[in-house]
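Contents: one structure, followed by commentary.
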Amino acid sequence: MLEKKRNIHFIGVGGVGMSGLALLLHRMGHRVSGCDAAKSKYLEPLLKEGIEVYLGHDPSHLKEAEIVVYSSAIPKDNPEIREAKERGLLLVPRARMLSEVMQIYPKSIVVAGSHGKTTTTSLIAEILLNLNLHPTAIVGGIINNIKSHSLLGSGDYLVAEADESDGSFLLYSPFIEVITNIDREHLDFYADFQAIKKAFANFILRVHPEGRVILCKDDPGVREVVEDLSGPFLFYGFSEGVDLQGKIVKNGAYPVVEVYYRGKRLGKFRLGIPGVHNALNALGAIGVALTLKLPIKKVMTILENFRGVKRRLELKGIYRGALLMDDYAHHPKEIAATLETVGKLYPDKRIILLFQPHRYSRTKALWEDFLMALKDPDILVLTEIYPASEAPLPGITGEAFYEAVKKIRGIKPTFFVQTLREGEDLLKGLLSPECVFISMGAGNVYKIHEAFLGEEQVERHAVA
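Here you go:
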């Protein structure tokens with residue numbers, strides 16, 4: 001498909017995964033164009049590099065296209081998809097195009113899992129980059145040290161995230177797989193947790209015959225999936241009996257971790273971003289480094305200089321003395337891990353959380369888990385559910401969710417706002433120097449910071 005330079009058009013190019021792939025193909029010399037229904041921050045890097053981007057969907061956008069790539073969020077009756085079919089153009093999902101790119105690179109490294117994919121992928125990309133191995137990478141977020149989510153290198157390595165949300169990760173056959181965890185997620189696509197585990201088992205079986213699968217054995221879902229499988233596995237975690245073990249020798253917001261590989265001490269690191277969950281992600285990246293026989297002492301130093309990814313516990317700025325943070329967490333386990341880390345970072349401050357539930361299907365499937373995850377913040381503000389192209393479900397509304405959460409939280413202040421604008425007015429009266437404020441969710445909740453800092457200031461103060 002990519003043996004020669006092609007004209008490639010992306011439908012739904014404003015998403016992080018689509019824009020990263022479009023940017024990569026453009027840098028590889030293909031002529032790329034794209035469209036999306038609305039403006040997005042991920043369109044800006046495309047426009048800066050001269051890629052033609054259209055707002056809205058129209059068949060005329062395909063006038064010179066040979067290959068049309070579409071996002072899984074695009075409906076089948078989209079006018080550009082209909083036009084591509086009528087003209088007999090090569091019409092492929094994003095995952096298929098990524099799998100074609102992977103075939104160009106002798107050693108592809110793919111990170112899968114319900115949580116921690118973006119951070120783990122970013123860590124691996126930075127390790128390879130700093131060791132002058134010239135990797136190519138496509139990441140689900142802007143890496144702060146690189147200031148991009150797409151990287152074209154001249155080396156043998158490609159690092160990418162695998163999107164399990166629609167089963168499309170089964171198109172890949174990587175040289176190395178990293179599986180961070182397997183959880184109850186994307187139940188709008190999978191019938192149940194058993195179906196999710198089966199998909200991951202099939203993904204494991206697709207690894208290159210001479211490759212390796214690196215798995216977090218601390219995770220119950222991973223343990224269940226590998227129970228009946230055998231293969232070139234490397235298990236990592238904090239628990240006993242793993243190949244690559246981390247031992248926390250100094251707890252806190254930035255834990256210090258001592259690392260052992262099959263009983264031999266390799267050294268210790270203090271990751272440059274906070275959270276025990278991120279230290280666990282770093283162990284997965286070290287597993288890749290060991291597999292590739294990279295110098296581990298240098299790897300430890302790179303981990304300490306890692307500065308994270310945008311929208312992952314990102315410090316945005318200060319308003320009326322309050323620290324403003326933003327996080328992508330949209331699953332109960334992610335919410336709990338983020339809040340625990342913030343509590344360790346700022347033990348003397350009150351936590352004000354603005355949470356925007358993401359998808360009706362996820363809210364319904366994990367209702368009780370969400371209630372427990374949201375019971376602890378000092379002040380909680382909930383918004384209406386962000387649909388992400390889903391149709392509403394009976395009884396699953398932001399207001400119903402708010403009433404259920406309020407019962408769990410008792411006397412702790414809990415508020416509901418229909419819109420982010422309502423949230424702005426409420427929060428401006430709550431923020432003070434004694435507080436740390438976190439916006440949280442996978443939708444557009446991050447835009448709240450523009451009300452406090454202004455759009456220009458939000459970008460200038462980002463220091464995650």
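Sequential numbering from 1 applies to the sequence shown in full-length UniProt numbering.
The C-beta atom is built at its ideal place from N, Cα and C for all residues, glycine as well.
These numbers come from a predicted model, not from an experiment.
With 16 as the cutoff for other CB atoms within 10 Å, does residue i come out buried or exposed?
i	result
P135	buried
D163	buried
D192	exposed
R245	Note that residue 245 corresponds to Gln in the displayed sequence, not to Arg. Under this definition Q245 is a buried residue.
Q356	buried
R312	buried
N281	buried
L354	buried
I106	It is Pro, not Ile, that sits at residue 106 in the sequence shown. The residue is exposed, with fewer than 16 neighbouring Cβ atoms inside 10 Å.
K250	exposed
K147	exposed
P347	exposed
D36	buried
E240	exposed
T119	buried
K117	buried
R94	buried
Please work out which residues of its chain come closer than 7 Å, Cβ to Cβ, to residue i, disregarding the five sequence neighbours upstream and downstream, and give them in chain order.
i	result
C435	A322, K349, R350 and I352
Y172	S99, M102, V110, A162 and R206
K298	L131
V16	Y42, G140, G141 and H149
Y261	D243, L244 and L290
P255	I248, V276 and A279
N144	R307, G308, V309, K310 and A464
E456	At E456, the pLDDT of 42 sits below 50, so the modelled position is not reliable and the matter cannot be decided from this model.
H26	V32, E49 and I51
R96	L171
A329	I335, T338 and M440
R270	Y254, V256 and E304
In the DSSP assignment, find the alpha helix (DSSP H) that holds residue i and state where it starts and stops.
i	result
N278	V276 to T291
Y360	Y360 to A365
A253	No alpha helix (DSSP H) contains A253, which DSSP labels as neither H nor E.
A137	It is not in any alpha helix (DSSP H) - A137 instead sits in the beta strand (DSSP E) that spans T136 to I143.
H149	Per DSSP, H149 belongs to no alpha helix (DSSP H); it is in the beta strand (DSSP E), S148 to L151.
L395	Going by the sequence as given, residue 395 is Gly instead of Leu. Careful: G395 lies outside any alpha helix (DSSP H) and carries neither H nor E.
L431	Looking at the DSSP string, L431 is not in any alpha helix (DSSP H), and its letter there is neither H nor E.
I296	I296 to E304
F452	H449 to L453
Give me, in chain order, the residues of the same chain whose beta-carbon lies closer than 8 Å to that of residue i; leave out the 5 immediate sequence neighbours on both sides.
i	result
S361	L187, D188, E390 and L393
P59	P79, E80, R82 and E83
K4	none
L234	R212, V213, I214, L215, D243, L244, G287, L290 and T291
Just to confirm the assignment, what range does the beta strand (DSSP E) spanning residue i have?
i	result
A112	K107 to A112
K316	E314 to Y319
F175	Segment: none, F175 is in no beta strand (DSSP E) and carries neither H nor E.
T419	Where T419 is concerned, there is no enclosing beta strand (DSSP E), given that its DSSP letter is neither H nor E.
G88	Neither: G88 is in no beta strand (DSSP E) and is coded neither H nor E.
I214	R212 to C216
I411	Neither: I411 is in no beta strand (DSSP E) and is coded neither H nor E.
Once DSSP output is grouped into helix, strand and coil, what is the label at residue i?
i	result
Q245	strand
K5	coil
F203	helix
F401	helix
G167	coil
F193	helix
R27	helix
Y346	coil
G423	helix
Could you name the residues of the same chain whose beta carbon sits closer than 6 Å to that of residue i, not counting the 5 residues immediately before and after it, in chain order?
i	result
I408	L371 and K375
A137	A125, L151 and V159
H9	S33, L62, A65 and V68
L366	P332
P433	G321
G29	K5
Tell me the DSSP bridge mates of residue i?
i	result
V225	None, per the DSSP bridge assignment.
P93	Y70
D326	E314 and S439
D36	L55
F10	G34 and V69
K268	E258
E83	Answer by DSSP bridge pairing: none, since E83 is not bridged.
L354	V381 and S439
F238	Paired residues: none, contrary to the question.
Please check if any C-beta of chain B sits within less than 8 Å of the C-beta of residue i.
i	result
G272	Annotation note: the requested chain B is absent from the structure, which comprises a single protein chain.
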